[in-house]
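Residue numbers (numbering that gives the first Met the number 0), protein chains in the order written: chain A, 0 to 336; chain B, 0 to 283.
Cβ atoms here follow ideal geometry from the backbone N, Cα and C, with glycine treated the same way.
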Amino acid sequence: MSGSLAFEHPWLLMLLPLALLPLLRRRRDTLAFPSTAWLPSDRIGRIIGWLWPLFAVLALASSIFALAQPGRPQTQVHRTGKGAEILVLLDRSRSMDDRMLPANWREIDPSLLLYHLGRGQQKAKVARELLSQFVARRPDDRFSLLYFSNRPLTVVPFTQHDPVMQAGIAAGAIGRGLADTDVGRALIAGIAQFDQRAYSGSRIMLLVSDGGANMDDEMMKRIRIGLARNRIALYWIYLRSYNSAMLDTTDPRWENAPEMALHRFFQTLKTPYRVYQAEDPESLSRAVADVERQQNLPLDFMEQIPRQDYSRVFVAIAAFSCAMLLAYRSMLLRSLP
Amino acid sequence: MSTSREFHYRLPRRSGGWRPGSHPGSSLGAGQEFVSHVSLYDRPDPRRLDLRASLREVRGDWLVRVNRQRVSVPVHLIADVSSSMSFGAPQSKLQVVADFVTALGHSTFRVGDALGMLAFDAQERRDLFVPALLSRGVGEVMASMLTGCKGTAGSSDGLEEAALHLAGRHGLIFLASDFHWPLDRLDVVLDLLAHSYIVPLVIWDPAEIQPPKRDGLIPLRDVESGRRSTLWLRPSVRTRWHEAIERRRAELNALFSAHGIRPFYVSGEFDNEALSQYFFEATA
Numbered sequence: 000m001s002g003s004l005a006f007e008h009p010w011l012l013m014l015l016p017l018a019l020l021p022l023l024r025r026r027r028d029t030l031a032f033p034s035t036a037w038l039p040s041d042r043i044g045r046i047i048g049w050l051w052p053l054f055a056v057l058a059l060a061s062s063i064f065a066l067a068q069p070g071r072p073q074t075q076v077h078r079t080g081k082g083a084e085i086l087v088l089l090d091r092s093r094s095m096d097d098r099m100l101p102a103n104w105r106e107i108d109p110s111l112l113l114y115h116l117g118r119g120q121q122k123a124k125v126a127r128e129l130l131s132q133f134v135a136r137r138p139d140d141r142f143s144l145l146y147f148s149n150r151p152l153t154v155v156p157f158t159q160h161d162p163v164m165q166a167g168i169a170a171g172a173i174g175r176g177l178a179d180t181d182v183g184r185a186l187i188a189g190i191a192q193f194d195q196r197a198y199s200g201s202r203i204m205l206l207v208s209d210g211g212a213n214m215d216d217e218m219m220k221r222i223r224i225g226l227a228r229n230r231i232a233l234y235w236i237y238l239r240s241y242n243s244a245m246l247d248t249t250d251p252r253w254e255n256a257p258e259m260a261l262h263r264f265f266q267t268l269k270t271p272y273r274v275y276q277a278e279d280p281e282s283l284s285r286a287v288a289d290v291e292r293q294q295n296l297p298l299d300f301m302e303q304i305p306r307q308d309y310s311r312v313f314v315a316i317a318a319f320s321c322a323m324l325l326a327y328r329s330m331l332l333r334s335l336p
Numbered sequence: 000m001s002t003s004r005e006f007h008y009r010l011p012r013r014s015g016g017w018r019p020g021s022h023p024g025s026s027l028g029a030g031q032e033f034v035s036h037v038s039l040y041d042r043p044d045p046r047r048l049d050l051r052a053s054l055r056e057v058r059g060d061w062l063v064r065v066n067r068q069r070v071s072v073p074v075h076l077i078a079d080v081s082s083s084m085s086f087g088a089p090q091s092k093l094q095v096v097a098d099f100v101t102a103l104g105h106s107t108f109r110v111g112d113a114l115g116m117l118a119f120d121a122q123e124r125r126d127l128f129v130p131a132l133l134s135r136g137v138g139e140v141m142a143s144m145l146t147g148c149k150g151t152a153g154s155s156d157g158l159e160e161a162a163l164h165l166a167g168r169h170g171l172i173f174l175a176s177d178f179h180w181p182l183d184r185l186d187v188v189l190d191l192l193a194h195s196y197i198v199p200l201v202i203w204d205p206a207e208i209q210p211p212k213r214d215g216l217i218p219l220r221d222v223e224s225g226r227r228s229t230l231w232l233r234p235s236v237r238t239r240w241h242e243a244i245e246r247r248r249a250e251l252n253a254l255f256s257a258h259g260i261r262p263f264y265v266s267g268e269f270d271n272e273a274l275s276q277y278f279f280e281a282t283a
């Protein structure tokens, strides 16, 4: 942090001697009086008589300063954060509008399951709530938000400013889910977000999705290379729908499910990969808490602190002084009788 | 100014002098004021023989009436021409003095008095000196001299210097000033001029004795010292202003009344009627 002050137009400071003009005592400012000695002395009047040239000098000087545009120049600050760079890939497909099972769904009579399913919370809503809590709890991390359905939608680029991220998450509630789920393109777009960034610590791609996708070899290759190149750890929070595959099952029934295909592909990655399977809101929050515990490695980054302009302050001072001068002038009597 | 501005004045006390005029004199001569009867042999003036008194006279002397002669006195104006006198809203105080001296010129010529002028600011102003003259237009000359002059800060030293010329002389002296200088030496000056009848004209502009009616700030500059002071005019300051004026007036009154003199206050415009009234009251 440098407290240095730089002027945009320093040559304007040459006008500063003009600010001394009000100190020149002119006869025009005053009314001639034969003998002030016999008038009562007025302390308030005397103070005002001192103050107004002061305000005039202040008004001129601060106007000139404001014109010269003082400010702290743009600087880069080296910061070390504890957090990670987390890119959240949030599924925006229609299946996310489905509802989640209650927490005790395993004990419920399977014939009533559908009834309970109809009363659960929407997956997308739960995911959004948890994500926003997650973001709020991690002020040191930098987040980026990407929605995707059949194509990725960049919502928030990497930022450390929580309110932007929260607004981005809240924006997901608008409208209904979109048509399709194309995890491959979303992953490519997510990897591309990291492309131009200097590697500075942990990088996480948090895929929140309820479905998988079958991808061709080309796509898989690009994803694998991209993740490896940018050294990104992939966390998949799998929001399991009722009646869809458990990722750890060996049941040949699910052999061809897209979720299983995606999971198998992710397992072949050389970069870290972790999957959290969440069927109900509680297990989802457990999964998020788990991610939260995982990534707390130190993170170095340069933060650009934009040029800070102080001229507003000087304009305010000048305006205030001018207001005081106006008040003085309005109170002034122009002639004696 | 027209001749109608002239005023009436008579000295309330006798003054010496040989030139016949209209003021009560102390010398004997051709006048209306009876003094006594004197033997014709003591005063061989058969024109004033008083037959009735002579018949009543036991010793049988021829008696002659002796009267006092009315005299003319030299009238002098000691004018303050300090820079504070050039203050004044419609007309400056110096202009008021000029009006006064014009009227005085007419008045003195009418009653046959000689009129002279002395002026002072920080010192005596020799360039504005006019010896006592019996001349019709002398008042106008003095007025034009006064209106055209520029003065510095006034002081009682200048007044003292000017007053030395008139010290010990009989006559009538008008002392026209705003008395905006330290009054500690004024006592000495009045002592110097004790032989003359002094009429102090205290000339104040209405603007200086009457604070503006509107409240507000007045940045003031003393025309003599150049000192600045800002006044926030509000009711309390206005009352203190009036008090200050009253205090000054009382101070002047006390100083003059110690010498048996009543000052004549002029504010704004010279009022010849008021000055006539002043003299009527003094002679009554």
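**Request:** Kindly list the residues whose CB is nearer than 6 Å to the CB of B/A162, restricted to its own chain and excluding five residues on each side of it in sequence; keep chain order.
**Result:** V188, L191, L192
**Asked** For B/L219 versus B/R213, is the C-beta spacing smaller than 8 Å?
**Response** no
**Request:** Can you grab the Cα-Cα spacing for the pair A/E291 / A/R137, in whole Å?
**Result:** 8 Å
**Asked** Measuring CA to CA, which of A/A315, A/F319, A/Y327 is closest to A/A65?
**Response** A/A315
**Message:** Within 10 Å of its beta-carbon, does A/R24 have 16 or more other beta-carbons around it, so buried, or fewer, so exposed?
**Reply:** exposed
**Strand pairing of B/L216, partner residues [DSSP]** = A/L331, B/W231
**Item:** A/I85 versus A/L53: straight-line alpha-carbon distance, rounded
**Value:** 55 Å
**Prompt:** Are the stretch 86-96 of chain B and the stretch 34-42 of chain B touching by the rule of at least three beta carbon pairs closer than 8 Å?
**Reply:** no
**Prompt:** Given that a residue counts as buried once 16 or more other Cβ atoms are within 10 Å of its Cβ, and exposed if not, what is A/N255?
**Reply:** exposed
**Asked** Using the rule of at least 16 other Cβ atoms within 10 Å of the residue's Cβ for burial, across every protein chain shown, is A/R91 buried or exposed?
**Response** buried
**Item:** Interface residues of chain A facing B/D177 [CB-CB closer than 9 Å]
**Value:** P33, S34
**Request:** Please work out which residues of its chain come closer than 6 Å, Cβ to Cβ, to B/A142, disregarding the five sequence neighbours upstream and downstream, and give them in chain order.
**Result:** A97, V100, T101
**Request:** Look at the Cβ atom of A/H160, then the Cβ atom of A/M301, and state whether they are nearer than 8 Å.
**Result:** no
**Asked** Under a CB-based cut-off of 8 Å, is A/R141 close to chain B?
**Response** no
**Message:** Classify B/I77: buried if its beta carbon has 16 or more other beta carbons within 10 angstroms, exposed otherwise.
**Reply:** buried
**Prompt:** Name the chain B residues that come within less than 8 Å of A/Y327, Cβ to Cβ?
**Reply:** L216
**Rounded straight-line distance, which links the Cα of B/F178 to that of B/V222** = 14 Å
**Message:** Once DSSP output is grouped into helix, strand and coil, what is the label at B/R124?
**Reply:** strand
**Asked** What is the DSSP secondary structure of A/P257, reduced to helix, strand or coil?
**Response** helix
**Prompt:** Can you tell me the Cα-Cα spacing of A/F319 and B/R233, whole angstroms?
**Reply:** 25 Å
**Request:** Verify whether the separation of the beta carbon atoms of A/A58 and A/L324 is less than 8 Å.
**Result:** yes
**Item:** Closer than 7 Å at the beta carbon, the chain A residues around B/W231
**Value:** D41, I43, G44, I47
**Message:** Could you check whether the Cβ of A/D28 sits closer than 8 Å to any Cβ belonging to chain B?
**Reply:** yes
**Prompt:** What span of residues does the alpha helix (DSSP H) with A/F193 cover, start to end?
**Reply:** 182-194
**Prompt:** Since A/A168 sits in a beta bridge, which residues does DSSP pair it with?
**Reply:** In the sequence as presented, Ala is not what sits at residue 168 of chain A; that position holds Ile. In DSSP, A/I168 forms no bridge with anything.
**Asked** For B/W17 and chain A, any beta-carbon pair shorter than 8 Å?
**Response** no
**Item:** CB contact check: B/V222 to chain A, cutoff 8 Å
**Value:** yes
**Item:** Reduced DSSP category for A/S1 - H, G, I as helix; E, B as strand; rest coil
**Value:** Summary for A/S1: the model assigns pLDDT 47, below 50, so the residue's position carries little reliability; its value from the coordinates is reported in the next sentence. Here A/S1 sits in coil by DSSP.
**Prompt:** If you draw a straight line from the alpha carbon of A/V87 to that of A/T248, how long is it in whole angstroms?
**Reply:** 26 Å
**Request:** Leaving aside the five residues before and after A/L14 along the sequence, list all residues of the same chain whose C-beta is less than 6 Å from its C-beta, in chain order.
**Result:** I63
**Request:** Please compile the residues from chain B whose C-beta is within a distance smaller than 9 Å of the C-beta of A/M330.
**Result:** D214, G215, L216, W231
**Request:** Please check if any C-beta of chain E sits within less than 8 Å of the C-beta of A/L38.
**Result:** Of the chains in the structure shown, none is chain E; the protein chains are A and B.
**Message:** If you follow the beta strand (DSSP E) that B/I202 is in, where does it begin and where does it stop?
**Reply:** 196-203
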